[in-house]
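The block underneath contains the structure these notes are about, expressed in structure tokens.
There are 2 protein chains.
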Amino acid sequence: MDAAVKTPQANVASVMADLGSRARSAARILAKAEAKAKNEALAAMAQAIRSAAGAILAANEKDIAAAKGRDRPASFVDRLTLDPDRIEAMAGGLEDIAALDDPVGDVIAAWDRPNGLHIERVRTPLGVIGIIYESRPNVTADAGGLCLKSGNAVILRGGSESQHSAQAIHACLAEGLKKAGLPQDAIQLVPTTDRAAVGEMLKGLNGSIDVIVPRGGRSLVARVQEEARVPVFAHLEGICHIYVHAAADLEMARDITVNAKMRRPGICGAAETLLVDRACADAGLEPLVGALIDAGCEVRGDARTQSVNERVVPATPGDWSTEYLEPVISVKVVDGLEQAMDHIARYGSQHTDAIVTGDEAAADAFLNGVDSAIVLHNASTQFADGGEFGMGAEIGIATGKMHARGPVGVEQLTSFKYVVRGAGQTRPG
Amino acid sequence: MDAAVKTPQANVASVMADLGSRARSAARILAKAEAKAKNEALAAMAQAIRSAAGAILAANEKDIAAAKGRDRPASFVDRLTLDPDRIEAMAGGLEDIAALDDPVGDVIAAWDRPNGLHIERVRTPLGVIGIIYESRPNVTADAGGLCLKSGNAVILRGGSESQHSAQAIHACLAEGLKKAGLPQDAIQLVPTTDRAAVGEMLKGLNGSIDVIVPRGGRSLVARVQEEARVPVFAHLEGICHIYVHAAADLEMARDITVNAKMRRPGICGAAETLLVDRACADAGLEPLVGALIDAGCEVRGDARTQSVNERVVPATPGDWSTEYLEPVISVKVVDGLEQAMDHIARYGSQHTDAIVTGDEAAADAFLNGVDSAIVLHNASTQFADGGEFGMGAEIGIATGKMHARGPVGVEQLTSFKYVVRGAGQTRPG
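These protein sequences, in sequence, are chains B and G. Mapping the first sequence onto our numbering, position 94 (from 1) lands on 94, and the numbers just tick up by one. Heads up, our numbering is the position in the second sequence plus 1000, with the first residue counted as 1.
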């Protein structure tokens, strides 16, 4: 089927239901698959991607030409574009995933009961994961590999404008599965670009999808969170804060703030708001603001912040709840730790927030009191990343409190069961 | 307000929204509460319940009289009825919860990164829990206590016909909170018996409810699972299996089967279907069936099972997916382990399933292959219970794979955060 040909709307539901039931069947086989077979498949996928580089680039050319024909912005085309380096990165990423410890079967806890029962809590796959992503073809390989490693079947629904690229990459994943003797249905790519397919996935395909992971911008994530009838691992936004406490080392505060905002302003762990304690504002505010401006950052500040540098733009109320994802930061002077934590509770997104201070008690109060997935003391918010945490590749960061919170890697794509071994015990009374 | 007076429909949404925002504020305070304060509150609640026994019984009398006036069945009235023993059980239950380890602040894992960052995964409360239960007044105390211990605020919505009883018990919980200096809004009882309040809770009260726990029968759980827009910890049903494998000790199989079905036929961990391996059916089937019938159980069997005892009733296809919760069991002869696991995958409810066998390899295949929250080898399914697992009091058993699976106790009512401690680290590159 040509990627551009849409399946008639009436058929989408049945096509998707079929994908769901095949994924469910594959998941049962995959749950019992040996680590060795999964790793062989991942290695074979990497090789297949390298061998098919030419075909993948040719498919990608078609997608790029179509996107340019639709006058898509340069940033869109950039995310869509593959080149030999990006193809090698996909292959290498699959090999990295193969090298991770297999989470399935891990005994998380074990204990004995007085009646002799031996209880283990054992890690199991979740089942079937649905990935809904924008036109970034590399997600096809990354997400497919992470789901396979964690023993889950996956249904991939990429952006319609990357469908040729995704199909070429998916063919390599299928080849790897085949070589390792694993079911082809373990990694399925939605064959239609009809948007109704997304709606079907969000309804869960008759109970065939256990969790949905959206990969993309705010509007995609918002739609998924609003409409999904199955659990979602996601973060809507990362409004991350740096709070420079009264007892901060001001040079450290400057280095951390500039890094947290400017290393990569477009990632979810980038700082969006700097809170400076009034107690250190006389000495600290001007150098902090100056360093940000010198680094090329637009500063939007409250009245006090505006007073230290004429290049500070007045902040509007909306700035405190804006995720810029650009070299822009909002800056506010606060009356101590409690006011900083109140600000974060009100405007933050429970993603990642940091305090800079030399006062351990203040640090502990902040680390305990701020209700975010990741809280840091004297370190940059840009560390909010599964790789930086030593957890290996991740499929994203979750800000919900259920199941997976923070980086979502292979362990977070698992559930568990209780395994109880006895010698004929019956329950009295 | 008299419990029987309903709030006008138009007001329900605003009453509930107010409850939600007060719960959210209380949750922020509760998350930082010391274990000592929470335990003092639990102890004071227990004392208040004992002191108020007369008032609670008087309130309960009103509910009972009203239920009888509506010709409610005896089982309904029994669940509604309190007596001095049941009141003491509530008080003692709160003291048991006080004696549990406090899960909040537990460091679940800790590690160091090459760059010197120290990362901890620390247990935190979930936030606000909504409990929707039927007319069993004791749930007011049990659920309130478990949520408090785990640092969560709770909104309790009991069955409308137990409202007088629930209000009398809730007054004791409020007294305990007050004595310990904890916010009254930590445990709120929905003041209206209007059913629209349940709908508001299922919508999440503008993001104020983090998780809903239904406590009650199948129709309540089904409604909650169908309509909830927030996560739900629940099991719809417990269609639990005993599989007697070819290599089973037949006396053990008999004892386990009779216990699994007949100890308490009405609990969710009671066995509903017995699968007997054809390889041991000649020797094993008749004694198993005979023992069940002798114990007062109705046996609904396939043709083979009918052939061993004339009192066996023919099973219909619907029997394999029926949770009887009564002294009734369905019995089927299967062709080995794979067919047993296929049957469980098709008809089971992913709650609790057991194999009886002396063959360790068969046991391992079953324990790995059956996708249920609890799988047992040579032990009764009636052990499916947080107390029996050594996990303390539970709020129920969850069959979903997300977050909490199996018994839901105080640990399962928590989330976690990553706490990262550094010395000024910034992220390169």
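Where is the CB? At the ideal position from N, CA and C, for every residue including glycine. As the structure is a prediction and not an experimental result, all values here were calculated from the model.
Element boundaries [alpha helix (DSSP H), containing residue 225 of chain B]: Looking at the DSSP string, the run of the alpha helix (DSSP H) that includes residue 225 of chain B is 218 to 227.
C-beta neighbour in chain A for residue 1076 of chain G, strict 8 angstroms: No chain A appears in this structure, whose protein chains are B and G.
Inter-residue Cα distance where the pair is residue 52 of chain B and residue 170 of chain B: 11 angstroms
Residue 155 of chain B versus residue 176 of chain B - alpha carbon distance: 16 angstroms
Bridge partners - residue 1157 of chain G, DSSP secondary structure assignment: Under DSSP, residue 1157 of chain G forms a beta bridge with G:1132.
Counted within 10 angstroms of its Cβ, other Cβ atoms place residue 1311 of chain G as buried (16 or more) or exposed: exposed
Range covered by the beta strand (DSSP E) that runs through residue 430 of chain B: In the structure displayed, chain B extends from 1 to 429; residue 430 of chain B sits before or after that span and is not available.
8 angstroms Cβ cutoff, residue 119 of chain B in contact with chain G: yes
Buried versus exposed, by CB contacts within 10 Å (16 or more), residue 194 of chain B: Around the CB of residue 194 of chain B, 16 or more other CB atoms lie within 10 Å, so the residue is classed as buried.
Within-8 angstroms CB hit, residue 1380 of chain G to chain B: yes
CB contact below 8 angstroms: residue 1418 of chain G versus chain B: Answer yes: the Cβ-Cβ gap between residue 1418 of chain G and chain B drops below 8 angstroms somewhere.
Those runs of the alpha helix (DSSP H) which lie wholly inside the stretch 64 to 101 of chain B and span at least 4 residues: 74 to 80, 84 to 99
Same chain, Cβ closer than 6 angstroms to residue 1110 of chain G, neighbours up to 5 away in sequence not counted: Excluding residues within five positions, the ones whose Cβ falls inside 6 angstroms are 1120.
Where residue 332 of chain B sits in the DSSP three-state scheme: strand
Cβ of residue 1412 of chain G within 8 angstroms of any chain B Cβ: no
Exposure of residue 1261 of chain G, with buried meaning 16 or more beta-carbon neighbours within 10 Å: Its Cβ being crowded by 16 or more others within 10 Å, residue 1261 of chain G is buried.
Per-residue DSSP class, three states only, for residue 1113 of chain G: coil
For residue 86 of chain B and residue 79 of chain B, the rounded distance between their alpha carbons: 11 angstroms
Beta-carbon proximity of residue 1415 of chain G to residue 1100 of chain G, cut-off 8 angstroms: No, the Cβ-Cβ distance between residue 1415 of chain G and residue 1100 of chain G is not below 8 angstroms.
Within-8 angstroms CB hit, residue 1368 of chain G to chain B: yes
Straight-line gap, residue 1107 of chain G to residue 409 of chain B (C-alpha atoms, nearest Å): 20 angstroms
Every unbroken alpha helix (DSSP H) within the stretch 1349 to 1422 of chain G, with a cutoff of 4 residues, ordered by chain: Within the stretch 1349 to 1422 of chain G, the complete alpha helix (DSSP H) runs of at least 4 residues are 1360 to 1369.
When G:1319, G:1342, G:1057, G:1152 are compared against residue 430 of chain B, the one with the closest alpha-carbon: Here chain B covers residues 1 to 429 and nothing more, so residue 430 of chain B does not appear.
Nearest-angstrom Cβ-Cβ length linking residue 218 of chain B and residue 237 of chain B, presumed shorter than 8 angstroms: 6 angstroms
Residue-level contact to chain G via CB, residue 401 of chain B, 8 angstroms cutoff: yes
Spatial distance of residue 242 of chain B from residue 265 of chain B (CA atoms): 14 angstroms
Contact set for residue 2 of chain B: own chain, Cβ-Cβ below 6 angstroms, skip 5 residues either direction: Residue placement at residue 2 of chain B cannot be trusted, given a pLDDT of 43 that sits under 50; what the coordinates show is reported in the next sentence. Counting only Cβ-Cβ distances below 6 angstroms, and skipping sequence neighbours, we find nothing.
Inter-residue spacing [alpha-carbon to alpha-carbon] between residue 1134 of chain G and residue 1216 of chain G: 6 angstroms
Beta strand (DSSP E) runs wholly inside the stretch 1266 to 1339 of chain G, at least 3 long, in chain order: 1271 to 1277, 1298 to 1301, 1328 to 1334
Nearest-angstrom beta carbon gap, residue 1356 of chain G and residue 443 of chain B [assumed within contact, 8 angstroms]: Residue 443 of chain B falls outside the range modelled here, since chain B spans only 1 to 429, and no answer is possible.
Which of helix, strand or coil DSSP assigns to residue 209 of chain B: coil
Cβ shell of residue 1159 of chain G (< 6 angstroms), same chain only, five flanking positions each side left out: Cβ within range, chain order: 1134, 1135.
For residue 1325 of chain G and residue 1267 of chain G, the rounded distance between their alpha carbons: C-alpha separation (whole angstroms): 7 angstroms.
Assigned secondary structure, residue 264 of chain B (DSSP; H/G/I helix, E/B strand, else coil): Here residue 264 of chain B sits in coil by DSSP.
Cβ-Cβ separation, residue 1298 of chain G to residue 1313 of chain G (assumed contact under 8 angstroms), whole Å: 6 angstroms
Cβ-Cβ distance between residue 330 of chain B and residue 319 of chain B below 8 angstroms: yes
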